[in-house]
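Asks:
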Amino acid sequence: MRNFVLSLHSGVDDHHNVFLLKRFVDAALQAGHQIDCIFLYQDGVNHANQNIQLASDEFPLVETWQSLHALNIPILLCVTAAEKRGIDIDNTGRFKVAGLAEFSMLAAKADKWVQFK
Numbered sequence: 004m005r006n007f008v009l010s011l012h013s014g015v016d017d018h019h020n021v022f023l024l025k026r027f028v029d030a031a032l033q034a035g036h037q038i039d040c041i042f043l044y045q046d047g048v049n050h051a052n053q054n055i056q057l058a059s060d061e062f063p064l065v066e067t068w069q070s071l072h073a074l075n076i077p078i079l080l081c082v083t084a085a086e087k088r089g090i091d092i093d094n095t096g097r098f099k100v101a102g103l104a105e106f107s108m109l110a111a112k113a114d115k116w117v118q119f120k
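Under my numbering, the residues of the sequence shown are numbered 4 to 120, in order.
1. Comparing alpha-carbon positions, which option in Ser107, Met4, Val48 and Val8 lies nearest Gly35?
2. Less than 8 Å between the beta carbons of His72 and Arg88, yes or no?
3. If you run the structure through DSSP and keep just helix, strand and coil, what is Val8?
4. Under the rule that 16 or more other beta-carbon atoms within 10 Å means buried, what is Gly47, buried or exposed?
5. Determine whether the beta carbon atoms of Asp1 and Ala113 lie at a separation below 8 Å.
6. Which residue marks the beginning of the alpha helix (DSSP H) containing Gly22, and which one marks its end?
7. Under 8 Å Cβ to Cβ from Leu23, same chain only, skipping five residues before and after it: list those, please.
8. Give the range of the beta strand (DSSP E) segment to which Gln118 is assigned.
9. What ranges does the beta strand (DSSP E) occupy inside the segment 36-76, keeping only unbroken runs of at least 3 residues that lie completely in it?
10. Taking Trp68 as the reference, which of Gln45, Ala104 and Asn49 has the closest Cα?
11. DSSP three-state label for Val100, please.
12. Only counting the same chain, and skipping five residues up and downstream in sequence, which positions put a Cβ closer than 8 Å to that of Ser10?
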């Protein structure tokens, strides 16, 4: 069994990376591995924007984050990147505000860090 930390660096317009991240999580868990956290960094913090309005025929971002949250995987939001992009860090829903130091400690303990850019 391996412990993974994941980071997502791309914004809400890049549905493909979120799709790949979700597939990776599903496959890793099915193989008996553990996902210690998903860290939203750079433009990835825009996924925590509570005002996202997507067309019904687009990739189901909100539902994907809900399903990942339901797996009890901590979804961490970089506070500095969020503030820089105008994200209300007091209203982040299922996303937990964290700093790079917290993520660095988790990454140091993990067997692998996988980035989705």
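Ideal Cβ positions, reconstructed from N, Cα and C, are used throughout, including at glycine.
These figures come from a predicted structure and were not determined experimentally.
Replies: Here's the rundown:
1. The candidate whose alpha carbon is nearest that of Gly35 is Met4.
2. Contact flag unset, no.
3. In this structure, Val8 counts as strand in the three-state DSSP scheme.
4. Residue environment for Gly47: buried (at least 16 other C-beta atoms within 10 angstroms of its C-beta).
5. Examination of residue 1 is not possible in this model, given that the chain is present from 4 through 120 alone.
6. First, the amino acid is wrong: residue 22 is Phe here, not Gly. Its alpha helix (DSSP H) spans residues His18 to Gln33.
7. In the same chain as Leu23, and ignoring 5 residues on each side of it, the C-beta atoms closer than 8 Å to its own belong to Phe119, in chain order.
8. Where Gln118 is concerned, the enclosing beta strand (DSSP E) starts and stops at Lys115 to Phe119.
9. 37-43, all fully within the segment 36-76.
10. The candidate whose alpha carbon is nearest that of Trp68 is Asn49.
11. In the three-state DSSP reduction, Val100 falls in the strand class (E or B).
12. Only Ile41, Phe42, Leu43, Tyr44, Gly47, Phe106, Trp116, Val117, Gln118 and Phe119 meet the Cβ criterion.
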